[in-house]
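Peer 1:
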Amino acid sequence: MATLPRQRRSSERAENAQLEPAPYNETRELNIVFASVGCTDSRVVHELLPRIIDLPDVSVKALLDKGFRGQDFIHASSSCLTMPNATRQSAIRDVADIEQEAAELCEWAHLLVLAPLDANNLAKMLHGHTDNLVLEIIRSWNVSKKILLLPGMSSPMWENPMTKKQLTKIRRKWNWVQVLQPMLWKFVDERKKITSWEAADELVDAISNQVDLMNIGAGLDVAPSQKSTLPHGTRRPGAFLPPELWTMILDFTNDWELAQTLHIYTNLPPPEAWTSHTKSKGPLGYMEELELTLLRGDLADVKHFVAQRSVPRWLSKLSVKLIMRFAMTDLLAHLEANHKDLFWAAFGHAFLPVKASAVFGRTEILEFWRTSPSFLTKEYDAEALDGASRAGFVNVLEWWQHSGLPLKFTESALEQASGQGHVQVLEWWKAQSTAVDDTNASVNSSKVRLKPGKSICYATQNGHADVVRWWVQSGIAFPHEDTVPKLASTHGHVEVLRTWHELKGSKMIFDNQVLVGATKSGNLKVLEWWKQSGLKVEYKTCDVEEALEDGYEGERGMEKSLEHRTLAMSSQTVLLETTMGPITLELYTQHAPKTCQNFTTLASRNYYNNTIFHRIIPDFMIQGGDPTGTGRGGASIWGEKFDDEIRGDLKHTGAGILSMANSGPNTNGSQFFITLAPTPWLDGKHTIFGRVKSGMRVVQRMGLVKTGAEDRPEEEVRIVSAKVVQEED
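Going by the UniProt record's numbering, the first residue of the sequence shown is number 1, and it counts up by one from there.
Set out below in structure tokens:
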């Protein structure tokens, strides 16, 4: 029961007056492709998969063995996008479809989980076969991203020398694959039943650790600096100042961790992450003791701790953060030389260059990575330089310039530097640049072609008039000049408007939307500036009236307006004329106002006209609302996902319930479904916003339509038209 948001058209993006915030210091979701082949034990779907889906900050898409029962597929589909492991020999799906699906999943996912992968597919994986969708994904996988592998087989097969040979090869040469404990099975009533379930616990812990590693640095702001925070060669300060002054300095920084690692007394309370460690009874458990040792000790202390206790299976998020923040390169070298598996699990692939550049700004870590024998192949992507630009780490940018490595970056580098107001970063990029239209510059040139992207838009939206001035005076060509007045007006930045007018004069381009945006946002100072500017602004009275209605007193006024219209409307219905007959839907406007607004607006725009019900599952539901007909398209009227409106008093108690399809919490777009039976497992996961008022027999006939792969009807069932019908008391 899922839908993926449709890519917005470029023209829509250009007109958008709200840009997305930068993701680097915000918690991100780990996108997981979960594949289970070779065993159809229902516990994989009913126990293991839900545990993974319920982990915080994960988004899951599942590929299941075709041997699973229909009810297993239905259960999995209620929580995440689920599809069968199609084979190339199957007539159900074309080879090109399998290849395209694999390519899209590989691009989307951060992590591939194979739980389990049977011996047959394990052998094919090692030889590069692509007989099915899972093998196609493995063959197409970007090896800078991790794969978690749970081998699945019988106990005799697990003990066979061939298995050990294959796994040894993976551990030695496939360092992007982490092999966990096996899932062993035996046959019960002619079906495979898993007998060793301990691997599931280890897998969930490993995935949770991957989420932590991805979000290292989330919520952490490191001030840009040209020099290291700590002196080289020691972690203790020289005794040049009295201890009392050091305490005052560290208290002023509000940095408890720094005070602890420098062994300076502080009056600061420990942060929430360290509260448990510092209680009178001491740290709880192995990992808290290790974290405290890393914070207060040195390499010798860590070595002694590990020798006395044991080597951990992986490092916690807090441990990795300390190693990165304080640039513990000596500890990294020790782990690399003596605990390679642990080192690679925590710091392998592109982790070090990206996090050191984008989050911590530590060139010592970057230099360790550059000279390390474990990283002969330099795996990194544009996130390193993009993130350094966003954070304002000019020292990191300088390191990359002198590293001899290619400078990989996207439009985000200049966009985020502009959005954060880092003029010094923009100056650095300008110094490295060649003319954008210089076609004679070679690929290996020390100069790079800049990618301004929407930099002027980000600077304008965030009110950085100095950055706007820099772009105009830089001599670098940039697009989207026409959006500056509109964005500045919508977001209330008078100084940007003043600067832009000063720089552009009579050549300043704008339209009537500058007044509409300011009116809707309630920015009186902006309206006053336009009045005093002497510029002639044309406008339509109807646009201003609508802006006043939608935006009176800002967001509070919009809520009042929506509430007023909702209360004034006793009932609202939508009539779906389908190829099988009419269906009348009654909408719950008071219970889910935003969802109903989205649905009725799309209907009034003819968005649903001539679309198909792309997914029909007997005794479960019919799903439509995707203009692409693929099950992966569709967008809301706001062009992006919008939040759920789930209420405890509305439940999927029977047939005829109208609800929103999604790919997880707060991912609503345009797709919807109508239930064919009670579906209580969907309660709390999908927004109910209406019911079938009439035409239930049409819905029931749709539920009997013959379907093929992915529950797609063999004969199309279409919505000919969707019309909003309002009935006043």
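C-beta atoms are modelled at their ideal positions from N, C-alpha and C, and glycine is treated no differently.
Between the C-alpha atoms of V720 and N609, what's the straight-line distance to the nearest angstrom?
Peer 2: Looking at the two C-alpha atoms, the distance is approximately 5 Å.
Peer 1: Assess, as a yes-or-no matter, whether the stretch 311-325 is touched by the stretch 133-149 under the definition of 3 or more beta carbon pairs within less than 8 Å.
Peer 2: No: the two stretches stay apart, fewer than three of their Cβ pairs being nearer than 8 Å.
Peer 1: Is T293 near the ligand FMN, judged by its Cβ being under 7 Å from some heavy atom?
Peer 2: In the structure shown, the ligand FMN is absent, as is every other ligand, since no ligand is present at all.
Peer 1: Classify H491: buried if its beta carbon has 16 or more other beta carbons within 10 angstroms, exposed otherwise.
Peer 2: With 16 or more Cβ atoms within 10 Å of its Cβ, H491 is classed as buried.
Peer 1: Are A119 and T163 touching if we call contact CB-CB under 8 Å?
Peer 2: Contact: yes.
Peer 1: For the beta strand (DSSP E) that contains I657, what are its first and last residues?
Peer 2: I657 to M660 is the span of the beta strand (DSSP E), which, as asked, contains I657.
Peer 1: Whose C-beta lies closer than 8 Å to the C-beta of T40 among residues of the same chain, with five residues either side of it excluded?
Peer 2: D65, G67, F68, R69, D72, R191 and K192, listed in sequence order.
Peer 1: Using DSSP with H/G/I as helix, E/B as strand and the rest coil, what is P151?
Peer 2: P151 falls in the strand class under three-state DSSP.
Peer 1: Taking the alpha helix (DSSP H) that R51 belongs to, which residues open and close that run?
Peer 2: Start and end: L49 to I53.
Peer 1: If we require 3 or more residues per run, which beta strand (DSSP E) segments fall completely within the stretch 146-214?
Peer 2: If we require 3 residues or more, the beta strand (DSSP E) runs fully inside the stretch 146-214 come out as 146-154, 177-179, 183-188 and 191-194.
Peer 1: Could you give the distance in angstroms between the alpha-carbon of V45 and the alpha-carbon of T578?
Peer 2: When rounded, the distance between both Cα atoms is 35 Å.
Peer 1: Report all residues from its chain with a CB closer than 6 Å to the CB of S418; omit the five preceding and five following residues, and keep chain order.
Peer 2: S455, Y458, A459 and V467, listed in sequence order.
Peer 1: Is it buried or exposed for Q210, if we count other Cβ within 10 angstroms and need 16 for buried?
Peer 2: Classification for Q210: buried.
Peer 1: Could you say if the stretch 671-681 and the stretch 653-663 meet the contact criterion of at least three C-beta pairs nearer than 8 Å?
Peer 2: Segments in contact, yes.
Peer 1: On the three-state DSSP scale, how would you describe F252?
Peer 2: Reduced to three states, the DSSP call for F252 is helix.
Peer 1: What three-state label does DSSP hand K447 in the structure shown?
Peer 2: Reduced to three states, the DSSP call for K447 is coil.
Peer 1: Just verifying my parser: in three-state terms, what is the DSSP assignment at S372?
Peer 2: Reduced to three states, the DSSP call for S372 is coil.
Peer 1: At which residues does the beta strand (DSSP E) containing K61 begin and terminate?
Peer 2: Run containing K61: V58 to L64, per the beta strand (DSSP E) assignment.
Peer 1: With a threshold of 7 Å on Cβ separation, who are the neighbours of K693 within its own chain once the five nearest residues in sequence on each side are excluded?
Peer 2: Around K693: T573, T584, L585 and E586.
Peer 1: What does DSSP give as the partner residues of Q623 in its beta bridges?
Peer 2: Note: Q623 sits in a beta bridge opposite R615 and F673.
Peer 1: To the nearest angstrom, report how far apart L250 and R296 are at their CA atoms.
Peer 2: Their Cα atoms are separated by approximately 16 Å.
Peer 1: Just how far apart, CA to CA, sit T377 and W174?
Peer 2: Distance between the alpha carbons of T377 and W174 is about 13 Å.
Peer 1: As a quick exercise: from A413, L385 and G392, pick the residue whose alpha carbon is nearest that of L405.
Peer 2: Selected option, being the one with the closest Cα: L385.
Peer 1: Please say whether G581 and V698 have beta carbons closer to each other than 8 Å?
Peer 2: Their beta carbons are under 8 Å apart, which means V698 touches G581 by this criterion.
Peer 1: Alpha carbon to alpha carbon, how far is V95 from D711? Give it in angstroms, no decimals.
Peer 2: Each residue's Cα considered, the two are about 19 Å apart.
Peer 1: Taking C-beta to C-beta, are Q416 and S389 nearer than 8 Å?
Peer 2: Against a cut-off of 8 Å, the Cβ pair of S389 and Q416 comes out as a contact.
Peer 1: Who are the Cβ neighbours of T82 in its own chain at under 7 Å, not counting the five residues just before and after it?
Peer 2: Contacts found: A62, L64, F73 and A76.
Peer 1: Leaving out the 5 sequence neighbours to the left and right, which residues in its chain are closer than 7 Å to S36 when beta-carbon positions are compared?
Peer 2: Result list for S36: V44, L64, D65, A115 and P116, in chain order.
Peer 1: What is the rounded straight-line gap between the Cα of residue 740 and the Cα of L294?
Peer 2: It is not possible to answer for residue 740, since the shown part of the chain is limited to 1 through 729.
Peer 1: According to the neighbour-count rule (16 or more other Cβ atoms, all chains shown, within 10 Å of its Cβ), is E383 buried or exposed?
Peer 2: Answer is buried; the Cβ neighbour count reaches 16.
Peer 1: Please classify F252 as buried or exposed, where buried requires at least 16 other C-beta atoms within 10 Å of its C-beta.
Peer 2: Exposed: under 16 other Cβ atoms inside 10 Å.
Peer 1: Count the C-beta pairs between the stretch 684-692 and the stretch 532-545 that are closer than 8 Å, then say yes if the count reaches three, no if not.
Peer 2: With the cut-off at 8 Å, the stretch 684-692 and the stretch 532-545 do not touch.
Peer 1: Distance check for A337 and L126, CA to CA, integer angstroms please.
Peer 2: Roughly 28 Å separates the two Cα atoms.
Peer 1: For a minimum of 4 consecutive residues, which ranges assigned as the alpha helix (DSSP H) are wholly contained in the stretch 249-320?
Peer 2: As far as the stretch 249-320 is concerned, its whole alpha helix (DSSP H) runs of at least 4 residues are 256-261, 285-296 and 299-308.
Peer 1: Please classify K165 as buried or exposed, where buried requires at least 16 neighbouring CB atoms within 10 angstroms.
Peer 2: Exposed, by the Cβ-count rule.
Peer 1: Can you tell which of T278, D201 and H334 has its C-alpha closest to the C-alpha of H304?
Peer 2: Taking only the C-alpha atoms, the option nearest H304 is H334.
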